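Chain order of the listed sequences is A and B. Quick note: full-length UniProt numbering has the first sequence finishing at residue 228, numbered continuously throughout. Quick note: full-length UniProt numbering has the second sequence finishing at residue 228, numbered continuously throughout. Ideal Cβ placement from N, Cα and C applies to all residues, glycine included. These figures come from a predicted structure and were not determined experimentally.
Protein chains: 2
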Amino acid sequence: MRRAERLAEIVEIVRDGRLHTARDLAESLEVSDRTIYRDMDTLAASGVPIEGERGVGYLLREPVFLPPLALSSTELEALSLGMAIVREAADPELQEAAMTLLGKVEGHASIRRRSPKSWGFGVYAFEQAKPGFVHMPLIRRAVQERLKLRITYVSLAGDKSERIIRPLQTDYWGRVWTCSAWCELRNAFRAFRIDRISGCFDTNEHFDVEHGKTIEDYLEKIAKTFEN
Amino acid sequence: MRRAERLAEIVEIVRDGRLHTARDLAESLEVSDRTIYRDMDTLAASGVPIEGERGVGYLLREPVFLPPLALSSTELEALSLGMAIVREAADPELQEAAMTLLGKVEGHASIRRRSPKSWGFGVYAFEQAKPGFVHMPLIRRAVQERLKLRITYVSLAGDKSERIIRPLQTDYWGRVWTCSAWCELRNAFRAFRIDRISGCFDTNEHFDVEHGKTIEDYLEKIAKTFEN
DNA sequence: CCCAAACTGACAGGTTATGTCAGTTGTGTT
DNA sequence: AACACAACTGACATAACCTGTCAGTTTGGG
């Protein structure tokens with residue numbers, strides 16, 4: 001089974017998002033270039049989206065992993081429930097992802113045979129599309145990449161304000177999403193309800209992890225509040 | 001790659017939970033017994049928990065599937081969020097499954113490399129362990145296997161009652177779980193809040209899908225209610 | 001004890017994978 | 001426009017691997 005392992009190894013190497021030439025791969029895997037080209041065919045046939053450009057090299061745009069997982073039926077059930085909730089309770093981008101993921105998993109004959117498509121879950125976590133939800137993908141990206149955002153926020157009292165925030169975490173409260181952030185207008189931590197964010201723009205400005213302004217600091221502060 | 005396909009096929013066949021002899025497998029896959037024995041070695045080496053007993057046959061206890069999935073990072077994010085919610089919002093059995101599933105996925109080196117362990121999600125779907133939650137696994141099983149249950153229910157008004165129900169679906173409402181069922185006491189559809197089910201027992205009695213008493217009928221009835 | 005069926009080892013023959021070589025075709029750079 | 005680079009392709013010999021056959025051994029159950 002050296003071949004199968006090598007195929008996995010190629011994906012491992014290429015998924016770092018950088019360019020790799022067939023020769024480099026061939027050297028590090030101790031096979032000939034030709035073998036690499038053949039392997040690339042096989043991978044492409046298996047649906048791995050590796051792109052090869054002549055004169056350039058190979059690139060794996062979409063991060064991919066292919067672990068041959070062994071899931072118990074309870075884990076499969078948890079996956080199914082989780083995706084049902086995400087499909088209902090998250091923003092369109094994650095909804096889409098949840099559905100394609102579930103599709104990939106249920107598409108495998110082994111599962112179709114056992115589950116009559118339904119696990120008996122009903123999920124009604126949300127009313128129809130909440131207003132601020134279109135901004136969720138941007139907010140999530142901002143959290144991950146430490147990107148400052150400029151938002152227009154309408155408070156529960158109805159006051160409109162414009163702020164620069166450092167989004168630290170997105171929070172799910174069962175039926176409501178909020179974003180925990182450091183607010184540069186108030187110079188303090190604030191939690192913004194996603195459905196009350198009417199405008200949201202990328203500032204193209206990154207923020208550093210500053211002592212006292214991290215999500216851990218925020219959570220700690222909240223914990224202390226509850227102690228009293 | 002006929003070998004790789006055959007290995008997958010073996011798992012496919014054996015995962016029905018019944019006994020299979022090497023000879024039967026060999027016949028249906030059109031190879032010799034010897035090849036099956038060699039394949040079993042390979043599968044065992046790959047970590048598939050197939051058990052073989054001399055004089056008996058092969059058995060796969062834990063249902064398993066091993067689809068070499070290719071997930072996008074967004075799908076991975078959806079999976080992570082979904083499991084975070086399930087870990088917070090579901091019963092202990094599914095919580096456990098969600099954690100082991102996430103463990104299996106994140107355990108794969110390819111992912112560890114990219115995600116700094118956290119996706120920036122905070123999930124606070126529930127207070128601490130709700131009372132009725134211990135019954136959830138039984139209820140889920142009952143839904144899937146059409147098993148009647150005998151429950152002790154405390155209504156919102158505080159009235160205690162004992163009923164035989166035919167559980168049709170478990171419903172997640174963001175912060176609350178209910179069970180949609182046909183209630184044999186009231187002879188009508190009822191939705192029971194899980195946290196108000198104080199007792200729950202298996203009656204060992206199955207129910208048939210009766211016209212007018214299915215989950216589809218219930219959902220239709222609810223839809224009509226909203227029309228008015 | 002006997003049977004069934006999992007297991008093991010050896011070897012020949014077939015199939016597949018690989019390396020070598022000799023090209024062609026795009027892409028980016030000078 | 002010429003050039004370098006690297007993806008690609010085809011052909012063929014050889015090495016590696018897989019498979020079937022056969023002849024056993026081991027283990028659990030009746």
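Is there a Cβ from chain B that is less than 9 Å from the Cβ of residue i?
| i | result |
| --- | --- |
| A:M136 | no |
| A:Y37 | no |
| A:I197 | no |
| A:S72 | yes |
| A:A78 | yes |
| A:L94 | yes |
| A:R175 | yes |
| A:A223 | no |
Can you give me the start and stop residues for the beta strand (DSSP E) that residue i sits inside?
| i | result |
| --- | --- |
| A:T152 | L147 to V154 |
| B:A98 | Not the beta strand (DSSP E): B:A98 falls in the alpha helix (DSSP H), residues P92 to E106. |
| B:I174 | The sequence given here has Gly at residue 174 of chain B, not Ile. Here B:G174 belongs to no beta strand (DSSP E), and DSSP marks it neither H nor E. |
| A:E205 | I197 to H206 |
| B:G122 | F121 to V123 |
| residue 240 of chain B | What is shown of chain B runs 1 to 228, which leaves residue 240 of chain B out entirely. |
Is residue i near residue j, with beta carbons less than 9 Å apart?
| i | j | result |
| --- | --- | --- |
| B:G57 | B:L29 | no |
| B:I197 | B:T170 | no |
| B:E184 | A:A98 | no |
| B:K221 | B:F189 | yes |
| B:R34 | B:D91 | no |
| A:T214 | A:K148 | no |
| A:I10 | A:D39 | yes |
| B:L168 | A:G82 | no |
| A:V31 | A:R15 | no |
| A:R146 | A:H211 | no |
| A:Y172 | B:A84 | yes |
| A:F201 | A:R163 | no |
| B:R101 | A:K104 | For the sequence presented, residue 101 of chain B should be read as Leu rather than Arg. No, the Cβ-Cβ distance between B:L101 and A:K104 is not below 9 Å. |
| B:W119 | B:E88 | no |
| B:R175 | A:G174 | yes |
| B:T42 | A:M136 | no |
| B:I36 | B:A26 | yes |
| B:L60 | B:G122 | no |
| B:W182 | B:R166 | yes |
| A:Y218 | A:S180 | yes |
| B:A4 | A:A4 | yes |
Does residue i come within less than 9 Å of chain A when only Cβ atoms are used?
| i | result |
| --- | --- |
| B:T100 | yes |
| B:K104 | yes |
| B:I85 | yes |
| B:G132 | no |
Where in the stretch 15-87 of chain A do unbroken runs of the alpha helix (DSSP H), each at least 4 residues long, occur, reported from the N-terminal end onward?
Unbroken alpha helix (DSSP H) runs of no fewer than 4 residues, entirely contained in the stretch 15-87 of chain A, are found at 22-29 and 33-45, following chain order.
Would you list, in chain order, the members of the stretch 178-207 of chain A that have their beta-carbon closer than 8 Å to a beta-carbon of chain B?
Of all residues in the stretch 178-207 of chain A, S180 have a Cβ within less than 8 Å of some Cβ in chain B.
Return the residues of the UniProt domain "HTH deoR-type" (3-58) of chain B that lie within a Cβ-Cβ distance of less than 9 Å from chain A, sorted by chain order.
Per Cβ criterion, the list reads R3, A4, A8, V11, E12, R15, D16, T42, A45, S46, G47, V48 and P49.
Quick one, which residues of the stretch 208-219 of chain B are near chain A if we go by CB-CB under 9 Å, in chain order?
Per Cβ criterion, the list reads I215 and L219.
Quick one, which residues of the stretch 135-161 of chain B are near chain A if we go by CB-CB under 8 Å, in chain order?
Result list: R140, V143 and Q144.
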